[in-house]
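Chemist: In our numbering, the protein residues as written are 55 to 419.
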């Protein structure tokens, strides 16, 4: 139970990120009903996929805002802090207030951490009277807490093997779970055209190839001439001569390799156990020969020693340091650093690393 002295963020951090009674939408729908079903008070653009969802979400929101729409954007996970997840017209909301507004019913219903965040975002967008909400799905789609929207447009960025114990063992099974958010007759915008037939079988009335821009254009029903730039923490982010990027799938590493400045890095890495660990490590070996393995605070993270053992196949020099802060310090002592793998690692380090850097980012499109 939340104490009177506990902040909204502290209470939120104490909640379980996983449902104790299995995945489903009953509790989420009950929570939103108590809040007056805010998700029905605006039109939505739903973003699903394996990687690039946060950048696509923020980019689509920026394009819609450039068209004169009052726009909300909801992304996950965060790197710099909880407040990164909910923005209105490109500006972070009063996070303590928007989460505090849903605490009582959420606690009474036993909502999970992600359900609380999602409800807080959807309510905040309604209170702000947005014209459009661009909402990133968390895990999958069918049973995700965000699958409460009546979205006329759904963007599927891409599909890779992830969370196979929940979503399925093949890319097709995973794509089916993600496209299950489609409402009958909605427009599906696909970053990978191979899923066109599956999108139609899932109820899409129209199928387009493209990304954030095409999704935003489908939402407003016209071409958008504006150009926008977005920068998110932990997405090819420059911190001095360091690079921080949450490349947690082989495909994400392939993208990173195409855009990474230089190659001779010391890697500070944590990976979740349910990822394609060897696929990621084998590709990361092209960025440097030294790796410091660590473990993020996510309960799904591989132990540092296990990650180091598996990295030994691909890297000339490997060390294990379970504490992320100590691991980063060790990597810095060895050379120019690339912090990568799980976004949870980047979040852990961002909350503790107080050095001032010049930061920038490229748009991951």
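Note that beta-carbon positions come from the ideal geometry of N, C-alpha and C, so glycine has one too. A quick note: this is a predicted structure, and the numbers were derived from the prediction, not measured.
Give me the Cβ distance between residue 212 and residue 305, rounded to the nearest whole Å; I'm assuming they're in contact under 8 angstroms.
Modeler: About 7 angstroms separates the two Cβ atoms, so the contact holds.
Chemist: Please give the ranges of any beta strand (DSSP E) in the stretch 237-312, keeping only runs that are unbroken, at least 3 residues long and fully inside the region.
Modeler: As far as the stretch 237-312 is concerned, its whole beta strand (DSSP E) runs of at least 3 residues are 241-244, 260-263, 291-293 and 296-299.
Chemist: Should residue 72 be labelled buried (16 or more other beta-carbon atoms within 10 Å of its own) or exposed?
Modeler: Residue 72 comes out exposed.
Chemist: Is it buried or exposed, residue 125, if we count other Cβ atoms within 10 angstroms and call 16 or more buried?
Modeler: Buried: at least 16 other Cβ atoms inside 10 Å.
Chemist: Can you give the Cα-Cα distance for residue 299 and residue 400, rounded to whole angstroms?
Modeler: About 8 angstroms.
Chemist: According to DSSP, simplified to helix, strand and coil, what is residue 403?
Modeler: Note: residue 403 maps to helix in three-state DSSP.
Chemist: What does the Cβ neighbour count give for residue 172, buried or exposed, with the cut at 16 atoms within 10 Å?
Modeler: Answer is buried; the Cβ neighbour count reaches 16.
Chemist: Mapping the DSSP letters down to three states, classify residue 389 as helix, strand or coil.
Modeler: Coil, per DSSP.
Chemist: Less than 8 angstroms between the C-beta atoms of residue 153 and residue 133, yes or no?
Modeler: Contact flag unset, no.
Chemist: Note down, in chain order, each residue of its chain lying with its Cβ closer than 6 angstroms to the Cβ of residue 372, except the 5 sequence neighbours on either side.
Modeler: Here the set comprises 345, 362, 365 and 366.
Chemist: Using the beta-carbon count (16 or more within 10 Å), is residue 70 buried or exposed?
Modeler: Exposed.
Chemist: What residue from 159, 148, 60 and 80 has the CA that sits closest to residue 88's CA?
Modeler: It is 159 whose Cα lies nearest to the Cα of residue 88.
Chemist: One question on the structure: do residue 311 and residue 349 come within less than 8 angstroms of each other, judged by their Cβ atoms?
Modeler: No.
Chemist: Does the contact criterion of 3 or more C-beta pairs under 8 angstroms hold for the stretch 193-204 versus the stretch 225-241?
Modeler: The stretch 193-204 is in contact with the stretch 225-241.
Chemist: Does DSSP classify residue 371 as helix, strand or coil?
Modeler: Note: residue 371 maps to strand in three-state DSSP.
Chemist: Please confirm whether residue 143 and residue 119 have their CB atoms less than 8 angstroms apart.
Modeler: Yes; because the gap between Cβ atoms is below 8 angstroms, this pair is in contact.
Chemist: Below 8 angstroms between beta carbons: does that hold for residue 231 and residue 108?
Modeler: Not in contact: residue 231 and residue 108 (Cβ atoms no closer than 8 angstroms).
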